[in-house]
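Here's the structure we're looking at; comments come further down.
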Amino acid sequence: MAQADKVVVVVGAGFGGLNAARALRRAPVQVVLVDRNNYHLFQPLLYQVATAGLEPEQIAKPVRAILRGQKNFDFRLVEVRGLDFAQHRLDTSAGPIAYDFLVLSHGSETNFFGLDSMMKNGLGLKDIPDALRIRNHVLTCFEHAMLERDPEIRRAKLTFVVVGGGPTGVEMAGALSELIRLVLVKDYPRLNIKDVRILLLEATDTILAAMPERLREAAVKTLWRKWIEVRFSAVVADFDGDRVRLKSGEVIPARTVIWAAGVKAAPLSGRLGLTAGRQGRIPVEPTLQLPGHPEVFLIGDAAYVEANGEPLPMVAPVAIQMGQHAARNIVNTLRGKPLQPFRYRDQGTLATIGRNAAVANVYGIQARGLVAWVMWLGIHIIQLIGFRNKLFVLLNWAWDYFFYERAARLITRD
Ligand SMILES: Cc1cc2nc3c(=O)[nH]c(=O)nc-3n(C[C@H](O)[C@H](O)[C@H](O)COP(=O)(O)OP(=O)(O)OC[C@H]3O[C@@H](n4cnc5c(N)ncnc54)[C@H](O)[C@@H]3O)c2cc1C
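Going from the sequence shown to our numbering is simple: count from 1 and add 18.
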């Protein structure tokens, strides 16, 4: 078979898969990208969809539109169910798909840590339907609170609990506070703002663990300034839809729990018949190949790789760099060259807590407040895919900033 006939199947059009497919644009291969969704989603801005700041189509773009200029590219909208390593074949909802090389980048899902009541009654944030569910739920709570005569129940309807003090939880809590205190307060003039309570519960003794201590402390202060009650060592034991029970025995009456406490590898990992490590992630070779399957590369959130004795974080830059690296190693294989080990170039972390407030530790530069917020804005606009999305998000942000608005305050039916 000629080299040009080799087929590289990429599973997942997220950060890892999309970058692997793109990096193969000049390689003598056919690239088949498969995903159960027809779009690439910019997950870092999902919380803004959940808090009525952005519309879903502003942070997502159809895969066919992103890669339509790439001649060796094809897309299939399928759910991958399993994998036959011996036959080099994927089992999908539309039948088998054969590959010569396979890049698995199927990402992660919300990790409820086996808490069944939370899985049933809590709100995860991983995809567009999750974000819309949160938006609908929060806005519906306000409508129902306005109809409620019992002050206790009204307060429970206006209590919003965010679990998890990582970047997603912090950003979610900050955006929720601004939605309520800057915007909804105008929509509901009869609302007594003192009835509203937002809590950020963190099981450990710190938030934003990857940040330097100075920035973590600044973030906590900013959260309190935005009327968010930050609680440390607060471990959630149960949520029945009406009240949250903590391991300490404390009970918080609340109708809303947004679960941002972590992720684990997506279910496909469990169907590969391989031994998984922490968070269901599967250990790979330094070259990102699956042990015993040199034609299969596993990247992104689903892959377990260590650097300096620590697992690489489940973040977009890791997935992006892995995608590009896996593509380079496929080309090396085709050229008969040695494969290179993956080395992560850490660019740092950022988290915003609302207007003019963020913390940033990027390329060794530590910043907070307005400076960090401007860095956050710039970096996210640059990373968003598509000029239209960049423009509309920027316009939206400018409008919201100057007019204290959130345009997407619609309660839509599921
Ligand atoms: C709310 C939120 C906020 C975040 N914020 C940040 C941030 O600020 N900065 C940062 O660096 N990282 C952030 N992350 C993490 C970052 O988004 C992930 O690390 C990154 O998306 C991982 O890339 P990936 O390619 O491994 O998986 P993903 O980007 O999740 O892509 C996986 C793709 O695989 C598809 N897929 C999965 N299973 C199947 C199947 N069986 N069949 C077909 N298709 C399948 C999915 O539909 C998806 O398109 C955030 C994540 C979330 C959820």
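Virtual Cβ for every residue (Gly too), placed ideally from N, Cα, C.
Proximity test, Cβ basis, 9 Å: residue i and chain B
i: P312; result: The displayed structure is made up of one protein chain only, and chain B is not part of it.
Residue span of the alpha helix (DSSP H) that contains residue i, given as start and end
i: T158; result: I146 to L165
i: A174; result: P169 to K175
i: A255; result: Not the alpha helix (DSSP H): A255 falls in the beta strand (DSSP E), residues V254 to F257.
i: A70; result: Looking at the DSSP string, A70 is not in any alpha helix (DSSP H), and its letter there is neither H nor E.
i: S135; result: D134 to N139
Same chain, Cβ closer than 6 Å to residue i, five either side skipped, listed in chain order
i: L330; result: V323, V336 and Y362
i: R289; result: G100
i: F410; result: Q76
i: A376; result: T370, A390, W391 and W394
i: L122; result: V29 and L316
i: P80; result: N56 and Y57
i: D118; result: K24 and V25
i: Q448; result: Past the edges of the chain, shown from 19 to 432, lies residue 448, and the structure says nothing about it.
i: G259; result: N139
i: L95; result: N56
Cβ-based burial, residue i [other Cβ within 10 Å; buried from 16]
i: Q21; result: Residue placement at Q21 is flagged as unreliable, the pLDDT there being 48, under the threshold of 50; a coordinate-derived value is accordingly withheld.
i: N210; result: exposed
i: E196; result: buried
i: P230; result: exposed
i: I216; result: buried
i: G298; result: buried
i: R273; result: buried
i: N326; result: exposed
i: K138; result: exposed
i: L428; result: exposed
i: I383; result: exposed
i: Y381; result: exposed
i: L143; result: buried
i: E189; result: buried
i: A227; result: exposed
i: I400; result: exposed
i: G87; result: exposed
i: K212; result: exposed
i: P285; result: exposed
i: G32; result: buried
i: G140; result: buried
i: S251; result: exposed
i: R431; result: exposed
i: S266; result: exposed
i: K244; result: buried
i: A38; result: buried
i: Y65; result: buried
i: E170; result: exposed
i: P309; result: exposed
Beta-ladder partner(s) of residue i, from DSSP
i: L101; result: L108
i: G113; result: T110
i: I270; result: V262
i: K89; result: In DSSP, K89 forms no bridge with anything.
i: A294; result: DSSP output for A294 lists no bridge partner at all.
i: L306; result: The partner list for L306 (beta bridge, DSSP) is empty, contrary to what the question assumes.
i: P62; result: Beta-bridge pairing links P62 to no other residue.
i: P301; result: Y322
i: R94; result: V52
i: A78; result: L59
i: I276; result: L141 and V180
Residue range of the unbroken beta strand (DSSP E) whose run includes residue i
i: I84; result: I84 -> not in any beta strand (DSSP E); alpha helix (DSSP H) instead, spanning V81 to I84.
i: S126; result: S126 to T128
i: D53; result: Q48 to D53
i: A38; result: Unbroken run through A38 is the alpha helix (DSSP H), F33 to A41; no beta strand (DSSP E).
i: K282; result: V281 to A283
i: Y57; result: Y57 to L59
i: L120; result: F119 to L122
i: V28; result: V25 to V29
Contact test: residue i Cβ vs ligand 3 heavy atom, cutoff 8 Å
i: S135; result: Of the ligands one can find in the structure shown, namely ligand 1, none is ligand 3.
Neighbourhood of residue i by C-beta, 7 Å cutoff - its chain only, sequence neighbours within 5 removed
i: M19; result: Here M19 scores only 45 on pLDDT, less than 50, and its place in the model should not be relied on; the value that follows carries that caveat. Closer than 7 Å at Cβ, skipping near neighbours: no residue.
i: L202; result: F160
i: Q339; result: Y362 and R363
i: P312; result: none
i: Y206; result: F160 and M164
i: A191; result: V180, I216, L218, L241 and I246
i: G295; result: P301 and Y322
i: A236; result: V377 and R386
Same chain only: Cβ atoms within 8 Å of residue i, ignoring 5 sequence neighbours per side
i: V269; result: R261, V262 and R263
Notebook entry, point to check: In chain order, which beta strand (DSSP E) runs of at least 3 residues are fully inside the stretch 311 to 347?
Noted result: As far as the stretch 311 to 347 is concerned, its whole beta strand (DSSP E) runs of at least 3 residues are 311 to 316.
Checklist line | Residue ranges of each beta strand (DSSP E) within the stretch 195 to 250, 3 or longer | finding: Scanning the stretch 195 to 250 from its first residue to its last, the whole beta strand (DSSP E) runs of 3-plus residues come out as 215 to 219 and 246 to 249.
Next item on the list: May I have a chain-ordered list of the alpha helix (DSSP H) segments no shorter than 4 residues that lie completely inside the stretch 346 to 411?
Entry: Qualifying alpha helix (DSSP H) stretches, in chain order: 387 to 401.
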